[in-house]
Amino acid sequence: MLNSGRQHRSYIVRTKWLLPVSFRPLENAWLRVERGLVTGFGTWPPRSLNGLKVIDQGNSIITTGFVNGHTHLEFSSCQKPFNTAGGLHSWLREVVSWKREHSTSLVDPTQNNAAIISGIRESAASGVVALGEIATTNAPYNEIPNRPRLRVFQEFLGLGSHSSQDGLSREATCIRDAQRLSRAGVAVGLSPHAPYSTQWNVGQTVANDSRKKLRRPMRRGKHEIRSPLAMHLAESEFEAEFLKTQTGHFRMLFEDLGVWPNQTPNLATTADWISLLATSDRGLIIHGTHLYDDQVAFSRLKLHRQKLTVVVCPRTTLALSGKLPPISEFKKSGVRVCLGTDGRGSNPDLSIRAEAACLIESGLVTPQEALSMISANGAWALGFEHRTGCIAAGRPADFVILRPSVSPNTADEATMMIFDCVTEVVATFRGGRLIAGNFL
Ligand SMILES: [Zn+2]
């Protein structure tokens, strides 16, 4: 059994179905991995075994590892979501009181770190090889071994000009934490939380700083993509009203929480934030549930679609808004769509397959579209498109082995079975190395 992080990463796997995403589905197929890279695949048998061990997975489906574009792993210790029945503003009230209780009761951050590790393990066990994570603490993501790829977006928010505990402004703390993670080898980004919680001038400052301070030189003179920006946008039906008049449910929430400032906060429109996200090479619009109701914002989305991805979290959106995001309109606009689970504060688990199944069952996407959303589209959104998102020769071997309850007879059936809730995730691989499950 190969089940440690130090396993030999060269082998051939045989499978009933191989769905590479980069290529048409193959029945009775092989996948060759050498030193962690995919070096070939095809219909059984391969021309040569190259002396490699063949591991026959029988009636399995192998496809590219999944990408979860949006999580808040700090909530991974929640046994069930906070109450979502009252909508976003009501849910936020519970989240803030939970966070306040935890920040005072925790002498050290070990519980927070344990929650993050638990969320990472749950994600890997559900077939995820890359995560877009929103971080609100200075957690040591870089020290977690044998994990999916991470793009950690350091979050900032605030309606006033308060400083954090160490005397730095929130934005300076945020940049400092992102720099620390980046130096430790973790891919980073920044996240203005939401238009109702973040001052416009602060968002502009941080976006500018990220361009100067978070760009890491790469080998051969190339540069990594400019630090991506991610933001929750158009999540609540009351958001637009608040941005315009600074009244309503959000105003009441902030007054009750004691965070409404003496000076009128400097808030911007959804459309302006979309333009700011597009100043980075990658901008992630999280949720966008009510974006189609705001035609100025929607036009801005279409204008900048080459740099943006909408990250929809179907089950969270359904729970908080009673409806699904406008997927058909997003598809017509030409913008990429990927999927996220959001955190366990609003969702019962971190299964990205369950998010996709929710959209398939609603008739909004086909299984093939859903597979692209949780692979290639997600990889592009996180700036990992050269590392993961499909099975292709020369790429890291990021793949998942699935065991369906019945044997699929066609490629379409095999694709559909990926999202069947009784299909089991047997093993998840990043760069040819097992990060969850067992590999016999
Ligand atoms: Zn979120």
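For the sequence shown, the positions run 29 to 468 when the numbering used here is used.
We put the beta carbon where it would ideally sit given N, CA and C, even for glycine.
Inset, instruction - Let me know the alpha helix (DSSP H) ranges lying completely inside the stretch 367–448, each 4 residues or longer, listed in chain order. - result: 380–389, 395–400, 406–409, 439–446
Legend entry - Where Arg42 falls, given that 16 or more other Cβ within 10 Å makes a residue buried: buried
Legend entry - Nearest-angstrom beta carbon gap, Phe270 and Gly276 [assumed within contact, 8 Å]: 5 Å
Legend entry - CA-to-CA distance, Leu218 to Asp237, given in whole angstroms: 10 Å
Inset, instruction - Using only alpha-carbon positions, find the residue among Ala235, Ala299, Gly373, Ser361 that is nearest to Arg310. - result: Ala235
Inset, instruction - Give me the Cα-Cα distance between Leu77 and Gly68, rounded to the nearest whole angstrom. - result: 11 Å
Inset, instruction - Compute the distance between the beta-carbons of Ser361 and Lys330, then report whether it is under 7 Å. - result: yes
Inset, instruction - May I ask whether a heavy atom of ligand 1 can be found less than 6 Å away from the beta carbon of Asp370? - result: yes
Inset, instruction - Kindly indicate which residue of Ala425, Glu122, Ala258 has the alpha-carbon position closest to the one of Thr307. - result: Ala258
Legend entry - Which listed residue (Phe51, Trp45, Ser374) has its alpha carbon closest to that of Ala57: Trp45
Inset, instruction - Check whether the Cβ atoms of Pro342 and Cys386 sit closer than 7 Å, and answer yes or no. - result: yes
Legend entry - DSSP three-state assignment for Asp309, whether helix, strand or coil: coil
Legend entry - With 16 other Cβ atoms within 10 Å as the buried cut-off, status of Arg458: buried
Inset, instruction - Report the residue from Arg177, Phe412, Tyr169 whose alpha carbon sits nearest the alpha carbon of Ala142. - result: Tyr169
Legend entry - Helix, strand or coil at His117 according to DSSP, with G and I counted as helix: helix
Inset, instruction - Pick out the complete alpha helix (DSSP H) segments inside the stretch 192–277, 4 residues or longer, and give them in chain order. - result: 198–211, 228–241, 267–273
Legend entry - Rounded separation between Arg75 and Glu441 - CA only: 28 Å
Legend entry - Endpoints, the beta strand (DSSP E) within which Ala158 is located: 156–163
Inset, instruction - Identify whether Ile172 lies in helix, strand or coil by the three-state DSSP scheme. - result: coil
Inset, instruction - Say whether the stretch 90–100 touches the stretch 148–167, bearing in mind that this needs 3 or more beta-carbon pairs closer than 8 Å, one atom from each stretch. - result: yes
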